[in-house]
Amino acid sequence: MLPRLWTAGMDSSQVVPLLQTLTDSIGPRLTGTPGIQSAHDWLVKTYAGWGVQAKNERVGTWKGWRRGPSHVDLIAPRVRTLEGTMLAWSPGTNGRDVSGPVVILPDVADSAAFAAWLPQARGKFVLVSQPHPTCRADDSWERAATPQTLARVRKERDSIRTAWTDRVRKTGLNLSLGTGTLGLALERAGALGVVASLYQGGWGVNKVFYTRNERAPALDLSCEDYTLVYRLAERGQGPQLRVRGDAQFTGEVPTFNTVATIRGSEKPDEYVVLSAHLDSWDAGSGATDNATGTVVMAEAMRLLAKAYPRPKRTIVVGHWTSEEQGLNGSRAFVEDHPEVVKGLQALFNQDNGTGRIVNVSPSGLVGAGEAWGRWASRLPSELTNQIQYRFPGSPSGGGSDNASFICAGAPAFGLGSAPWDYGTYTWHTNRDTFDKISFDDVKANATLVAMLAYLASEDPQTTSRERAVRIGDVARGTAGQWPTCQKAIRRWADYTR
1 MLPRLWTAGM DSSQVVPLLQ TLTDSIGPRL TGTPGIQSAH DWLVKTYAGW
51 GVQAKNERVG TWKGWRRGPS HVDLIAPRVR TLEGTMLAWS PGTNGRDVSG
101 PVVILPDVAD SAAFAAWLPQ ARGKFVLVSQ PHPTCRADDS WERAATPQTL
151 ARVRKERDSI RTAWTDRVRK TGLNLSLGTG TLGLALERAG ALGVVASLYQ
201 GGWGVNKVFY TRNERAPALD LSCEDYTLVY RLAERGQGPQ LRVRGDAQFT
251 GEVPTFNTVA TIRGSEKPDE YVVLSAHLDS WDAGSGATDN ATGTVVMAEA
301 MRLLAKAYPR PKRTIVVGHW TSEEQGLNGS RAFVEDHPEV VKGLQALFNQ
351 DNGTGRIVNV SPSGLVGAGE AWGRWASRLP SELTNQIQYR FPGSPSGGGS
401 DNASFICAGA PAFGLGSAPW DYGTYTWHTN RDTFDKISFD DVKANATLVA
451 MLAYLASEDP QTTSRERAVR IGDVARGTAG QWPTCQKAIR RWADYTR
């Protein structure tokens, strides 16, 4: 069986056309948007074409939103089209250009002083992110600068970051994952818009999250253009912006997980689950977070349906919604499917980029190390020679969807990938696009997952759930706590509460 899976996975892989369709044609998959619904429907249709039963299971509702084009221009003291986009769930400009001056979030003494300043935001665009002394990538400075210059740049950057964090703190509000409660206060004060820039230290890379605003658009500008506008405002040179943002709130819309199943022939009430979140942020196209994981699991299911259509245990693939807002899709599945949690033999989750799988942890389950020993000993070295195993490891506390299962003590494992500059360049950024994918690595990962699913399904032993003792306070010798399962957030109102 393993050679059959190898041949199907390595010689006739479908990962490239699958990834191209998902990232280029469907595009980003923000919760509550047409993009994620299109992705759910595409997966169901794709699985049907492979002879695999699949469906969209409703898990809740969310704020419906459609993104259109964003256009931002500097119109004074000179003209320049700026690199920028609306944040997720931002209001638009109602089909018109909105123009006005720019001001910088003031450095006030406290929240009372900020409340007194707020009327000055009316009719203006407000800059709410720190400026950056350089938008040159860190590794460029490290390669080319003298030690003295590098030390100066780092000190200046750290000083600005510390001072800006304190500036925001003194308002009594926050910029959590975008514009937070500060954006709402500026909107209520009559600001034309809120302008942010969450620069990541690489060439042209910003993280782009969301806003709670309902009337005033919230924008992200590139590091270069944001700091340009900031310098003009700081020096009293009269910057003015013109913004046109097309967006539409579409009411409360349903949210779904896509779940595909190959029924077990001998132990149908025991489960092997393939896991990856389908949703993404939407400044890029969600390629390495997490179209790669999505396609790893879909392609693995294709291989299994082709080579192993009558598994011993039931094999399920879960393409989760709203992971980016707190693992909500997988947590909802755990709540709605206690039978899967009870009968789980193994869950394999992949969600950190495009690289080869290079580390595995048994997640703090002592006996799971023995299971991994049985499975890994059967796998071809071409797929495993880079993998490091950490025994017994620790349970995930919430970084990805395996955490939704391991908190219940079910054997759920995260498959960690080689970094490929993931944290700097593609994780939640505007540069997370098709061209950043290492297709050979994704192909190998899909083949590996298919083999793991086969081995876990056929394993004559049930994976142990014995938990390792977690040491919380080494000096006192007290036991640490196993992660507590959290309830799924199934509505936008609960997310923003």
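Quick note: the sequence shown uses the UniProt record's numbering, first residue 1, plus one each step. Heads up, the beta-carbon is just placed ideally off N, CA and C, and yes, glycines get one too. Note that this is a predicted model, so its numbers are computed, not measured.
First through last residue of the beta strand (DSSP E) which encompasses residue i
i: Arg67; result: Gln53 to Ala76
i: Pro268; result: Lys267 to His277
i: Gln237; result: From DSSP, Gln237 is part of no beta strand (DSSP E); its letter is neither H nor E.
i: Gly100; result: Val98 to Ile104
i: Gln345; result: Leu344 to Asn349
i: Arg80; result: Arg80 to Leu82
i: Leu2; result: Element bounds for Leu2: not the beta strand (DSSP E) but the alpha helix (DSSP H), Leu2 to Asp11.
Neighbourhood of residue i by C-beta distance below 6 Å, restricted to the same chain and skipping five residues each side
i: Ala121; result: Leu186, Ala189 and Ala191
i: Gly49; result: none
i: Ser275; result: Gly318, Leu347, Asn349 and Asp401
i: Phe114; result: Val108 and Thr171
i: His71; result: Arg244
i: Glu458; result: Lys312
i: Val272; result: Arg313, Ile315, Gln345, Ala346, Ala453, Ala456 and Ser457
Cα-Cα separation between residue i and residue j, rounded to whole angstroms
i: Asn257; j: Asn213; result: 27 Å
i: Asn94; j: Ala216; result: 10 Å
i: Gly373; j: Gly364; result: 15 Å
i: Lys487; j: Thr165; result: 31 Å
i: Asn445; j: Ser285; result: 21 Å
i: Ala151; j: Leu105; result: 28 Å
i: Asn290; j: Lys267; result: 31 Å
i: Gly326; j: Ala371; result: 29 Å
i: Val103; j: Phe209; result: 22 Å
i: Pro101; j: Ala112; result: 25 Å
i: Asn430; j: Val295; result: 21 Å
i: Ser404; j: Thr462; result: 20 Å
i: Ile387; j: Leu448; result: 11 Å
i: Thr314; j: Val340; result: 10 Å
i: Arg136; j: Trp203; result: 6 Å
i: Pro380; j: Thr61; result: 44 Å
i: Lys436; j: Pro133; result: 27 Å
i: Arg242; j: Leu228; result: 15 Å
i: Val168; j: Pro362; result: 41 Å
i: Val153; j: Ser38; result: 45 Å
i: Glu382; j: Ser464; result: 28 Å
Contact under 7 Å by Cβ, residue i with residue j
i: Leu455; j: Arg378; result: yes
i: Met297; j: Ala260; result: no
i: Thr171; j: Val194; result: no
i: Asn402; j: Asn349; result: yes
i: Ala346; j: Gly51; result: no
i: Arg491; j: Gln248; result: no
i: Thr23; j: Gln200; result: no
i: Ala368; j: Pro395; result: no
i: Glu299; j: Val44; result: no
i: Val59; j: Thr255; result: yes
i: Pro338; j: Cys407; result: no
i: Met451; j: Gly245; result: no
i: Leu30; j: Asp282; result: yes
i: Val366; j: Glu270; result: no
i: Ser438; j: Thr354; result: yes
i: Thr288; j: Thr426; result: yes
i: Ala76; j: Gln240; result: yes
Alpha helix (DSSP H) segment containing residue i, residue limits
i: Gly183; result: Gly180 to Arg188
i: Glu324; result: Looking at the DSSP string, Glu324 is not in any alpha helix (DSSP H), and its letter there is neither H nor E.
i: Gly49; result: Pro34 to Gly49
i: Ser417; result: Taken as a continuous stretch (DSSP letters only), Ser417 belongs to no alpha helix (DSSP H), being part of the beta strand (DSSP E) at Ala412 to Ser417.
i: Asp494; result: Trp492 to Tyr495
i: Leu448; result: Phe439 to Glu458
i: Ala196; result: Careful: Ala196 lies outside any alpha helix (DSSP H), inside the beta strand (DSSP E) at Gly193 to Ala196.
i: Asp336; result: Asn328 to Asp336
Residues of its chain near residue i, where Cβ-Cβ distance is below 7 Å and the 5 sequence neighbours each way are ignored
i: Tyr308; result: Met1 and Tyr454
i: Arg310; result: Ser265
i: Asn206; result: Ser197, Leu198, Tyr199, Gln200, Asp220, Ser222, Cys223, Thr429 and Asn430
i: Asp138; result: Gly201
i: residue 509; result: Residue 509 lies beyond the residue range present for the chain, which begins at 1 and ends at 497; the question has no answer from this structure.
i: Trp89; result: Lys63, Trp65, Tyr210 and Thr211
i: residue 505; result: Residue 505 falls outside the range modelled here, since the chain spans only 1 to 497, and no answer is possible.
i: Arg161; result: Gln130
Other residues of its chain near residue i: CB distance less than 8 Å, five sequence neighbours each side excluded
i: Glu335; result: Lys487 and Ala488
i: Gly183; result: Val128, Leu175, Val194, Thr211, Arg212, Asn213, Ala216 and Ala218
i: Phe333; result: Glu57, Val59, Asn257, Val259, Gly318, Trp320, Val340 and Ser404
heavy atom of the ligand MG below 6 Å from residue i C-beta
i: Asp351; result: The ligand MG is absent from the structure shown, which contains no ligands of any kind.
Which parts of the segment 295-322 are runs of the beta strand (DSSP E), unbroken and 3 residues or longer, counting only runs that do not cross its ends? 313-320
Whole runs of the alpha helix (DSSP H) within the segment 359-390, excluding any shorter than 4 residues: 366-376 and 381-384
Curious, which full-length beta strand (DSSP E) runs of at least 3 residues does the segment 106-175 contain? As far as the segment 106-175 is concerned, its whole beta strand (DSSP E) runs of at least 3 residues are 125-127.
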